[in-house]
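K.L.:
Quick note: to get my numbering, add 388 to the position in the sequence shown (first position is 1).
Cβ atoms here follow ideal geometry from the backbone N, Cα and C, with glycine treated the same way.
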Amino acid sequence: MNISLYQYPLTVVLAVAFLLLTWLVFRFAGNKVVHVLGGWKAGAVCMAAMVPFVMVEGTWRTALHHSIPFIVIVMAFLLCLGLSVLTKLRGGLRHNPHARNFVITHLGVYLMIGSSFWGAPDVTEAGISVSAQKEYNIASCDGHAMILPFSLQLDQFTIDMYDDGISPRQYTSILTVRDTTPGTEPVKVTTSVNHPGRYKGYKMYQTSFDRAEEADSMITIVRDPWMPLVYVGMIMLLAGVLLIFSAHWKLNVLLPSILILTVVFTVASLARINFSILKPTLNSIWFVPHVMIYMVAYSAMAVSVVLAIADCLRRDKSAGTATKSGILSESLIRVSSALLLAGMLCGCFWAERAWGRYWGWDPKECWAAVTWLLTLIYIHLAPLKNRHGKMLLTLLLIAFLAIQITWYGVYYLPSSTGSIHSYASGQ
Numbered sequence: 389m390n391i392s393l394y395q396y397p398l399t400v401v402l403a404v405a406f407l408l409l410t411w412l413v414f415r416f417a418g419n420k421v422v423h424v425l426g427g428w429k430a431g432a433v434c435m436a437a438m439v440p441f442v443m444v445e446g447t448w449r450t451a452l453h454h455s456i457p458f459i460v461i462v463m464a465f466l467l468c469l470g471l472s473v474l475t476k477l478r479g480g481l482r483h484n485p486h487a488r489n490f491v492i493t494h495l496g497v498y499l500m501i502g503s504s505f506w507g508a509p510d511v512t513e514a515g516i517s518v519s520a521q522k523e524y525n526i527a528s529c530d531g532h533a534m535i536l537p538f539s540l541q542l543d544q545f546t547i548d549m550y551d552d553g554i555s556p557r558q559y560t561s562i563l564t565v566r567d568t569t570p571g572t573e574p575v576k577v578t579t580s581v582n583h584p585g586r587y588k589g590y591k592m593y594q595t596s597f598d599r600a601e602e603a604d605s606m607i608t609i610v611r612d613p614w615m616p617l618v619y620v621g622m623i624m625l626l627a628g629v630l631l632i633f634s635a636h637w638k639l640n641v642l643l644p645s646i647l648i649l650t651v652v653f654t655v656a657s658l659a660r661i662n663f664s665i666l667k668p669t670l671n672s673i674w675f676v677p678h679v680m681i682y683m684v685a686y687s688a689m690a691v692s693v694v695l696a697i698a699d700c701l702r703r704d705k706s707a708g709t710a711t712k713s714g715i716l717s718e719s720l721i722r723v724s725s726a727l728l729l730a731g732m733l734c735g736c737f738w739a740e741r742a743w744g745r746y747w748g749w750d751p752k753e754c755w756a757a758v759t760w761l762l763t764l765i766y767i768h769l770a771p772l773k774n775r776h777g778k779m780l781l782t783l784l785l786i787a788f789l790a791i792q793i794t795w796y797g798v799y800y801l802p803s804s805t806g807s808i809h810s811y812a813s814g815q
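(1) Output yes or no for whether 8 Å exceeds the beta carbon distance between Ala742 and Val581.
(2) Give the single residue among Ser519, Ile623, Leu477 and Thr450 whose Cα lies nearest to the Cα of Asp543.
(3) Among all the DSSP beta bridges, which residues are the ones paired with Ile607?
(4) Using DSSP's beta-bridge definition, name the partner residues of His583.
(5) Any chance you could list the alpha helix (DSSP H) runs of at least 4 consecutive residues sitting entirely within the region 492–574, in chain order?
(6) Could you have a look at Asn484 and say whether DSSP puts it in helix, strand or coil?
(7) Work out the CA separation of Pro771 and Arg546 for me, nearest whole Å.
(8) Is there contact here, the region 417–426 with the region 767–787, by at least three beta-carbon pairs under 8 Å?
(9) Just mark Ser699 as buried or exposed, buried being the case when its beta carbon has 16 or more other beta carbons within 10 Å.
(10) Looking at Ile632 and Asn489, is the spacing between their C-beta atoms short of 8 Å?
(11) Ignore the nearest five residues each way along the sequence and tell me which others in Asp604's own chain have a CB closer than 6 Å to its CB.
(12) Which residue marks the beginning of the alpha helix (DSSP H) containing Gln792, and which one marks its end?
(13) Rounded to the nearest angstrom, what separates Thr377 and Pro677 at their Cα positions?
(14) From this set, Phe441, Leu469 and Cys736, which residue's C-alpha is nearest Met622's C-alpha?
(15) Since Thr669 is in the alpha helix (DSSP H), which residue starts that stretch and which ends it?
(16) How would you write the range of the alpha helix (DSSP H) that His768 sits in, first residue to last?
(17) Within 10 Å of its beta-carbon, does Leu722 have 16 or more other beta-carbons around it, so buried, or fewer, so exposed?
(18) If you compare alpha carbons, which of Tyr590, Val652 and Gly427 is closest to Gly744?
(19) Report buried or exposed for Lys522, applying the criterion of at least 16 other Cβ atoms within 10 angstroms of its Cβ.
(20) Can you find at least 3 beta carbon pairs, one from the region 469–488 and one from the region 549–558, that sit closer than 8 Å?
(21) If Trp755 and Ile786 are in contact, beta carbons under 8 Å, what's the gap, nearest whole angstrom?
(22) Which residue spans inside the region 410–459 form an unbroken alpha helix (DSSP H) run of at least 4?
(23) Roughly how many angstroms lie between the CA atoms of Ser692 and Met606, to the nearest whole one?
(24) Looking at C-alpha atoms only, which residue of Gln594, Leu469, Gln541 and His454 is the closest neighbour of Pro509?
(25) Grouping DSSP H, G and I as helix and E and B as strand, with all else coil, what is Gly479?
(26) Decide if Asp548 is buried, meaning its Cβ has at least 16 other Cβ atoms within 10 Å, or exposed.
(27) Any contact between the region 681–689 and the region 724–734? By contact I mean 3 or more CB pairs, one from each, below 8 Å.
(28) In three-state DSSP terms, what is Asn774?
(29) Give every residue of the same chain whose Cβ lies closer than 6 Å to the Cβ of Cys529, excluding the five residues on either side of it in the sequence, and list them in chain order.
(30) Less than 8 Å separating the beta-carbons of Gly507 and Trp614?
(31) Short of 7 Å in beta carbon distance, which residues of its chain neighbour Asp750, apart from the five on each side in sequence? Order them along the chain.
(32) Mark Arg500 as exposed unless 16 or more other C-beta atoms lie within 10 angstroms of its C-beta, in which case mark it buried.
(33) Identify, in the order they occur along the chain, each residue of the same chain with its Cβ nearer than 6 Å to the Cβ of Phe414, setting aside the five sequence neighbours on each side.
(34) Distance, Cα to Cα, Thr450 vs Phe458?
(35) Between the alpha carbons of Val618 and Val462, how many angstroms are there, rounded?
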């Protein structure tokens, strides 16, 4: 069936219809049904169902996110999120800071995932090679030729090389863009790595160049009309992360241990990168915050695991009574989960600036999502800690194992070939 059937305006109609369906369920299904579908248990089940799909995709690059079961799970998750937000709004937010934070974070997740989900068919991503000899308006999109509504001609292409004369530090194209509409004046657009050019809703990304013919420049053309909504969701999530962080972080709680681990993890992570010959994509303002936030998250998780093990041992000796180490562990896992999200969002902003897509189902991206989802499941199952403490500890250990795969294990997976996160060399 022609994919255009699922593009605008039908995507907008489907998104609005889904919102209406969510409201109808909230309004007429009854409090018990809404409580179940919009509760933490349903949320945990949906996230747990997502994990194996994302895990397999991150390991073998199997496009499971296009499968019907995964689509159904995402829709169920969106329904759960929508009902939970509506329930909190019905309860009022004015005198309830916890409810406000809940709505900000959950609505942010809803906007980010929902806009990506419903807007995916409307995203245009095509590659085109341009030179100074003639104008080009035919790009390659998923192996098919696509006629652009404008033509491109390369005016100037420059390469800033490192001292070795082989590795590019940066490359820049100055393009003449001529609209196919008669009477439209041509315009100049400049694009370089991490600095896309813009023209009438399209972004032009400098992705590479032909090494055999250095006059040829490789440009990726991207159009994503749903991007503003995705960004609104991401910004709301970052605001929620700050609120979570301020609520659970205490400067006098194990700070020295976390700082030491952060330094160790950072050094170990950056040791793979050759800073003397750095890839052009790494020359980004998002590089430092992306790495550092993740390293603090990993450190907080490591300390949380140690405390959780101590808590589990003490609970066995004290008939299930809550311990200080258990309280600190839960607080740190919430901080870690929030920071994992913040690090992932920084990576999304970076990827959008570099390649034109904030999420590309890259192996490292998938395993980062797996780790974050596992921490969220742990947090949602926290009410069961008194009865199922060992089960939750096992889940936390699995999340910590997923961090190891995300951090360095991903380079040994079958999917690692061609990963955009392979920074061992500057080539």
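P.N.:
Quick answer:
(1) In the sequence shown, counting from the first residue as 1, residue 742 sits at position 354. In the sequence shown, counting from the first residue as 1, residue 581 sits at position 193. Yes, these two residues count as a Cβ contact at 8 Å.
(2) Taking the first residue of the sequence shown as 1, we reach residue 543 at position 155. It is Ser519.
(3) Here the question's residue 607 lines up with position 219 in the sequence shown. BP columns for Ile607 point to Ile516 and Gln594.
(4) In the sequence shown, counting from the first residue as 1, residue 583 sits at position 195. Answer is Ser580, bridged to His583.
(5) none
(6) Looking up residue 484 in the sequence shown gives position 96. The answer is coil: DSSP assigns Asn484 none of H, G, I, E or B.
(7) Start at 1 with the first residue of the sequence shown, and residue 546 comes out as number 158. Start at 1 with the first residue of the sequence shown, and residue 771 comes out as number 383. The question names Arg, but residue 546 in the sequence shown is Thr. Spanning the two alpha carbons is a distance of roughly 59 Å.
(8) no
(9) One-based indexing of the sequence shown puts residue 699 at position 311. Sequence inspection shows Asp at residue 699; the Ser mentioned does not correspond to that position. Under this definition Asp699 is a buried residue.
(10) Translated into positions along the sequence shown, residue 489 becomes position 101. Translated into positions along the sequence shown, residue 632 becomes position 244. For Asn489 and Ile632, yes; Cβs fall inside 8 Å.
(11) Taking the sequence shown and counting its residues from 1, the one referred to as residue 604 is at position 216. The residues are Ser517, Ser519 and Asp598.
(12) Residue numbering aside, residue 792 sits at position 404 when the sequence shown is read from its first letter. Gly777 to Trp795 is the span of the alpha helix (DSSP H), which, as asked, contains Gln792.
(13) The question about residue 377 has no answer, for the chain in this structure spans 389 to 815.
(14) Numbered from its first residue, the sequence shown carries residue 622 at position 234. It is Cys736.
(15) Along the sequence shown, read from residue 1 onward, the residue named residue 669 stands at position 281. No alpha helix (DSSP H) holds Thr669; DSSP gives it neither H nor E.
(16) As a first step, residue 768 is located in the sequence shown; it is residue number 380 there, counting from the start. For His768, the uninterrupted alpha helix (DSSP H) segment begins and ends at Pro751 to His768.
(17) In the sequence shown, residue 722 corresponds to position 334, counting from 1. A quick correction: the sequence has Arg, not Leu, at residue 722. Buried, since its Cβ has 16 or more Cβ neighbours within 10 Å.
(18) By one-based count along the sequence shown, residue 744 stands at place 356. Of Tyr590, Val652 and Gly427, the residue nearest in Cα terms is Tyr590.
(19) Mapped onto the sequence shown, residue 522 falls at position 134. Under this definition Lys522 is an exposed residue.
(20) no
(21) The residue you call residue 755 lines up with position 367 of the sequence shown. The residue you call residue 786 lines up with position 398 of the sequence shown. About 12 Å; that fails the 8 Å criterion.
(22) 419–425 and 428–448
(23) Looking up residue 692 in the sequence shown gives position 304. Looking up residue 606 in the sequence shown gives position 218. Roughly 46 Å between the two C-alpha positions.
(24) Here the question's residue 509 lines up with position 121 in the sequence shown. Looking at the Cα atoms, His454 is the closest of the given residues.
(25) The residue labelled residue 479 in the question sits at position 91 within the sequence shown. In the structure shown, Gly479 adopts helical secondary structure according to DSSP, grouped into three states.
(26) Within the sequence shown, numbered from 1, the residue matching residue 548 stands at position 160. Asp548 comes out exposed.
(27) yes
(28) Translated into the one-based positions of the sequence shown, residue 774 becomes position 386. If DSSP states are grouped into helix, strand and coil, Asn774 belongs with coil.
(29) Within the sequence shown, the letter at position 141 stands for residue 529. Counting only Cβ-Cβ distances below 6 Å, and skipping sequence neighbours, we find Ala514.
(30) For the purposes of this step, residue 507 is taken as residue 119 along the sequence shown, with counting starting at 1. For the purposes of this step, residue 614 is taken as residue 226 along the sequence shown, with counting starting at 1. Yes, they are a contact pair.
(31) As a working mapping, residue 750 is identified with position 362 in the sequence shown. So the qualifying residues of the chain are Ser807, Ile808 and His809.
(32) In the sequence shown, the residue the question calls residue 500 occupies position 112. Residue identity check: residue 500 is Met in the sequence provided, not Arg. So Met500 counts as buried.
(33) Reading the sequence shown from its first residue, position 26 is the one you call residue 414. Counting only Cβ-Cβ distances below 6 Å, and skipping sequence neighbours, we find Val422, Leu471 and Leu474.
(34) By one-based count along the sequence shown, residue 450 stands at place 62. By one-based count along the sequence shown, residue 458 stands at place 70. Each residue's Cα considered, the two are about 12 Å apart.
(35) Position 230 of the sequence shown holds residue 618. Position 74 of the sequence shown holds residue 462. C-alpha separation (whole angstroms): 16 Å.
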